[in-house]
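Peer 1: Right, I'll just put the structure down here and ask away after.
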Amino acid sequence: MSRLPSPEELFSKASGVTEDSMLFPYRGTLVLLRQRGFSYRGIAKWLSENGLETNHTSVRNFLDSYSRDEELANDFQQAQDEAYITLQRRGVSAPKPDLEDQLEREDEQ
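Right, here's the structure in full:
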């Protein structure tokens, strides 16, 4: 008989953001491309051109879930901050991550 998944495992999978997601290892790249102004379709096309076949719906769903996942809030904020710093160092204009949103997250912890 196979092992039943725990409720936490199922909840995590249902939320759309798990380390099992094929996009999870590329989360920093996805955030960086969004900050550069890429659309979800543009990100999917860029990933496909660089060897990772996906579609815009998967990208949108992943980023939406990733940005709202309470357990990954710090990870998401760090990815945003790293993307912003990288773009600034390269002289690329990008919107700064929302400071009020970051402060709200810190207050909740």
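Just add 10 to wherever you are in the sequence shown, counting from 1, and you've got our numbering.
Ideal placement from N, C-alpha and C gives every residue a C-beta, glycine not left out.
#1: Apart from the five residues just before and just after S77, which ones in its own chain have a Cβ nearer than 7 Å to its Cβ?
#2: What span of residues does the alpha helix (DSSP H) with E92 cover, start to end?
#3: Could you tell me the distance, in whole angstroms, from the CA atom of T64 to the CA atom of L43?
#4: Distance check for R13 and D74, CA to CA, integer angstroms please.
#5: Under the rule that 16 or more other beta-carbon atoms within 10 Å means buried, what is F21, buried or exposed?
#6: In this structure, does DSSP put Q119 in helix, strand or coil?
#7: At the level of alpha carbons, what is the spacing between A93 and E19?
Peer 2: Judging by the given coordinates:
#1: For the purposes of this step, residue 77 is taken as residue 67 along the sequence shown, with counting starting at 1. The answer, listed in chain order, is F86.
#2: In the sequence shown, counting from the first residue as 1, residue 92 sits at position 82. Counted as a single uninterrupted DSSP element, the alpha helix (DSSP H) harbouring E92 occupies residues 83 to 99.
#3: Within the sequence shown, residue 64 is the residue found at index 54, counting from 1. Within the sequence shown, residue 43 is the residue found at index 33, counting from 1. So the two alpha carbons sit approximately 15 Å from each other.
#4: Here residue 74 corresponds to residue number 64 of the sequence shown, with the count starting at 1. Here residue 13 corresponds to residue number 3 of the sequence shown, with the count starting at 1. Roughly 30 Å separates the two Cα atoms.
#5: Looking up residue 21 in the sequence shown gives position 11. Under this definition F21 is an exposed residue.
#6: Here the question's residue 119 lines up with position 109 in the sequence shown. Model confidence at Q119 stands at a pLDDT of 44, short of 50, so the residue's coordinates are unreliable; what they give is reported in the following sentence. Coil at Q119, not helix or strand.
#7: In the sequence shown, residue 93 corresponds to position 83, counting from 1. In the sequence shown, residue 19 corresponds to position 9, counting from 1. Taking the straight line joining both Cα atoms gives about 29 Å.
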